[in-house]
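Heads up, the sequence shown is in the UniProt record's numbering, so the first residue is 1 and it goes up one at a time.
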Amino acid sequence: MADDKSKAAQYWSTNLRLILGSLVVWTFVSYGCGILLRPMLSGIPVGGADLGFWFAQQGSILSFIGIIFFYAWRMNKLDKEMGLEE
């Protein structure tokens with residue numbers, strides 16, 4: 001019984017760490033690159049617009065989709081490690 005509780009605590013802490021890391025990356029890409037770092041990225045052209053504008057319009061969405069796929073892959077791997085796979 002105690003082993004199940006420690007496994008559940010480890011699973012939950014790993015899941016929270018993964019969620020927090022994903023949110024940090026998403027915040028950096030969408031808010032940092034799209035708003036705060038836009039003046040520094042304005043000289044780099046991407047598809048007819050500067051890189052800061054591209055991050056604000058497309059980059060944050062594409063990074064969010066990438067984070068979703070990464071999270072699903074990593075959680076499936078964690079489920080297998082903990083013996084919880086479907």
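Quick reminder that beta carbons are idealized off the backbone N, C-alpha and C, glycines included.
Which partner residues does residue i have in the DSSP bridge list?
i: aspartate 50; result: Pro45
Taking the alpha-carbon positions, what's the residue i to residue j distance?
i: leucine 36; j: phenylalanine 70; result: 25 Å
i: leucine 78; j: tryptophan 26; result: 21 Å
i: serine 76; j: tyrosine 31; result: Checking the sequence, you will find asparagine at residue 76 rather than serine. Computed Cα separation, rounded: 29 Å.
i: serine 22; j: isoleucine 68; result: 9 Å
i: glycine 66; j: tryptophan 73; result: 11 Å
i: proline 45; j: asparagine 15; result: 37 Å
i: lysine 5; j: valine 24; result: 28 Å
How far does the alpha helix (DSSP H) with residue i in it reach, from first residue to last?
i: phenylalanine 28; result: Where phenylalanine 28 is concerned, there is no enclosing alpha helix (DSSP H), given that its DSSP letter is neither H nor E.
i: glycine 59; result: Segment: none, glycine 59 is in no alpha helix (DSSP H) and carries neither H nor E.
Mark residue i as exposed unless 16 or more other C-beta atoms lie within 10 angstroms of its C-beta, in which case mark it buried.
i: valine 29; result: buried
i: alanine 56; result: buried
i: glycine 52; result: buried
i: serine 42; result: exposed
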